[in-house]
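*Asks:*
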Amino acid sequence: MTENTQILFKSRPTGWVDASHFEIARVPMAEPAAGEVLVRNIFMSLDPYMRGRMRDQKSYTPGFELGQVLQAGAVGEVIASNDPSLAAGDLVEGRLGWENFSVARADAVNKVDGNVGSLSHYLGVLGMPSMTAWVGLRNIGQPKEGETVYVSAASGAVGQVAGQIAKMQGCHVAGSAGSFEKAAYIMDELGFDAAFNYKEAKSLGDALGQACPKGIDVYFENVGGAMLDAVLLKVNPYARIVACGMISQYNLAQPEGVKNLATMVGNKVRMQGFIVSDHMDLKPEFMAEMSGWLAAGKIKYREDITQGIENAPAAFIGMLKGENFGKQIIQISDPPA
Ligand SMILES: NC(=O)c1ccc[n+]([C@@H]2O[C@H](COP(=O)([O-])OP(=O)(O)OC[C@H]3O[C@@H](n4cnc5c(N)ncnc54)[C@H](OP(=O)(O)O)[C@@H]3O)[C@@H](O)[C@H]2O)c1
2 MTENTQILFK SRPTGWVDAS HFEIARVPMA EPAAGEVLVR NIFMSLDPYM RGRMRDQKSY
62 TPGFELGQVL QAGAVGEVIA SNDPSLAAGD LVEGRLGWEN FSVARADAVN KVDGNVGSLS
122 HYLGVLGMPS MTAWVGLRNI GQPKEGETVY VSAASGAVGQ VAGQIAKMQG CHVAGSAGSF
182 EKAAYIMDEL GFDAAFNYKE AKSLGDALGQ ACPKGIDVYF ENVGGAMLDA VLLKVNPYAR
242 IVACGMISQY NLAQPEGVKN LATMVGNKVR MQGFIVSDHM DLKPEFMAEM SGWLAAGKIK
302 YREDITQGIE NAPAAFIGML KGENFGKQII QISDPPA
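According to the numbering used here, the sequence shown is numbered sequentially starting from 2.
1. Quick one: measure Cβ to Cβ for A231 and L209, integer angstroms, because I've assumed they're closer than 8 angstroms.
2. Check this for me: beta carbons of L233 and T264, under 8 angstroms apart or not?
3. Does the beta carbon of P314 fall short of 7 angstroms from some heavy atom of ligand 1?
4. If you compare alpha carbons, which of H173, L97, M45, S180 is closest to L124?
5. Tell me the DSSP bridge mates of L87?
6. With which residues is R52 paired in a DSSP beta bridge?
7. Tell me whether T3 counts as near ligand 1, meaning its Cβ is closer than 7 angstroms to at least one heavy atom of that ligand.
8. Classify Q211 as helix, strand or coil using the three-state DSSP reduction.
9. Heavy atom of ligand 1 less than 7 angstroms from the Cβ of P130, yes or no?
10. Taking 8 angstroms as the threshold, find out whether the segment 77 to 86 comes into contact with the segment 294 to 308 through three or more Cβ pairs.
11. I need the straight-line Cα distance from E100 to F221, nearest angstrom please.
12. Could you tell me if the beta carbon of F65 falls within a distance shorter than 7 angstroms of some heavy atom in ligand 1?
13. In terms of residues, what are the limits of the beta strand (DSSP E) holding K112?
14. Determine whether the beta carbon atoms of A296 and G274 lie at a separation below 8 angstroms.
15. Hey, quick one: how far does the alpha helix (DSSP H) through M228 stretch, first residue to last?
16. Is A73 a contact residue of ligand 1, with contact defined as CB to any heavy atom under 7 angstroms?
17. Quick one: residues in its chain with C-beta nearer than 6 angstroms to the C-beta of G53, no 5 flanking neighbours on either side, listed in chain order?
18. Less than 8 angstroms separating the beta-carbons of F102 and M55?
19. Apart from the five residues on each side of it in sequence, which residues of its chain come closer than 8 angstroms, Cβ to Cβ, to A199?
20. Tell me the rounded alpha-carbon separation between M51 and H280.
21. Check this for me: beta carbons of E314 and D218, under 8 angstroms apart or not?
22. Roughly how many whole angstroms lie between the Cα atoms of L283 and V110?
23. Using a 10 Å radius around the Cβ and a threshold of 16 neighbouring Cβ atoms, would you call G309 buried or exposed?
24. Please go through the same chain and pick out, in chain order, the residues whose beta-carbon is closer than 6 angstroms to the beta-carbon of G323, but skip the five residues on each side of it.
25. CB-CB under 8 angstroms to A20, same chain, minus the five flanking residues each way: which ones, in chain order?
26. Going by C-alpha to C-alpha distance, which of R271, G258, K215 sits closest to R241?
27. What does DSSP give as the partner residues of F44 in its beta bridges?
28. For my contact list, V159 and A134 are in at a C-beta cut-off of 8 angstroms; report their separation, rounded to the angstrom.
29. Kindly indicate which residue of P130, S131, P214, Q250 has the alpha-carbon position closest to the one of K235.
30. When you compare only the Cα positions, how much space is there between V104 and D194?
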């Protein structure tokens, strides 16, 4: 009988996540019931929102259940089907488990074609993180030619796309990231106009001032905390803050305060949060535009692929600390030849 390695949610973190919050289980591979398919998982996405799902509090997405297999966006191959809509050999993406093999309802996964370079793209540049950047700029940031757009966590899954879209729209684009290597990547490879390593900046205000000499018109906010406070002192009149995420706060037992909100009043700043899954009606438009940009070489995308499902907990913890360089993905098995 084929064995299935699963990562279970063992206990709820109150501060930083560590290995003790996960448990590895080895169980027999399950059989699909009527209306279900058995999927061999190939690539799995690790995302910061999963830290929120580890909390026991009301949120836009249901929490992970203790003792159960953790869930993630994944791409895989159907190896057995008990539903006429899918057949063995079909490639699908959907919310599956942190495991080698998942049983899913056939109507809960989407068939994908394999002609996109790598199947991992469905989890990054043609998937949720890239669509997050696209929706956030389209609906909230609305950058105009000549404006300054600043992106935090700019070498990450969302940030690298946000900056490149703003660049295509004729903006001055600046970004920050947590190492000199990441900062060099966003300038040299992605074409940002300015970049800095926020961990080595003596003053975030000075670093922002140098990177954004004309002030900030659009802030694509991925980190929150001290960075948001520093940005609030650099905003131009009618600036837009795209509140996409605040990862600096996710592992704190007590969130930090933000002191400089008063600058929003005189500058008439608009700050708006959003959740990408509320905008799935836009997915066809996003896919068409992003696939076109990708095929034309207008968007580059770095992935950070860790091998093996048993290494997913360490990769997840590492991503929350900035050890990933690009979109964090786990490769669970080989794509079909
Ligand atoms: N609203 C939505 O629907 C939506 C959807 C997807 C993602 N998000 C949010 O978007 C943000 C980026 O997500 P992602 O998937 O693109 O992740 P990511 O950037 O690929 O990975 C997370 C990165 O956050 C940075 N980071 C960690 N702690 C930090 C801190 N204290 N201060 C500053 N940066 C820190 C690290 O990069 P450095 O090395 O640069 O520190 C780390 O690599 C997150 O806040 C996430 O929650 C929102």
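Note that the Cβ used here is the ideal one computed from N, Cα and C, for glycine as well.
*Replies:* Considering the structure as presented:
1. 6 angstroms
2. yes
3. no
4. M45
5. BP columns for L87 are empty, so no partner.
6. DSSP, once it has assigned bridges, lists no residue as partnering R52.
7. no
8. helix
9. yes
10. no
11. 33 angstroms
12. no
13. 110 to 113
14. no
15. 227 to 233
16. no
17. S60
18. no
19. Note on residue identity: the sequence assigns Tyr, not Ala, to residue 199. Around Y199: S153, S177, A178, G179, L205, A208, M228.
20. 19 angstroms
21. Looking at the sequence provided, one finds Pro at residue 314 rather than Glu. Not closer than 8 angstroms, so no.
22. 18 angstroms
23. exposed
24. G179
25. P314, A315, I318
26. R271
27. V76, Q332
28. 5 angstroms
29. P214
30. 46 angstroms
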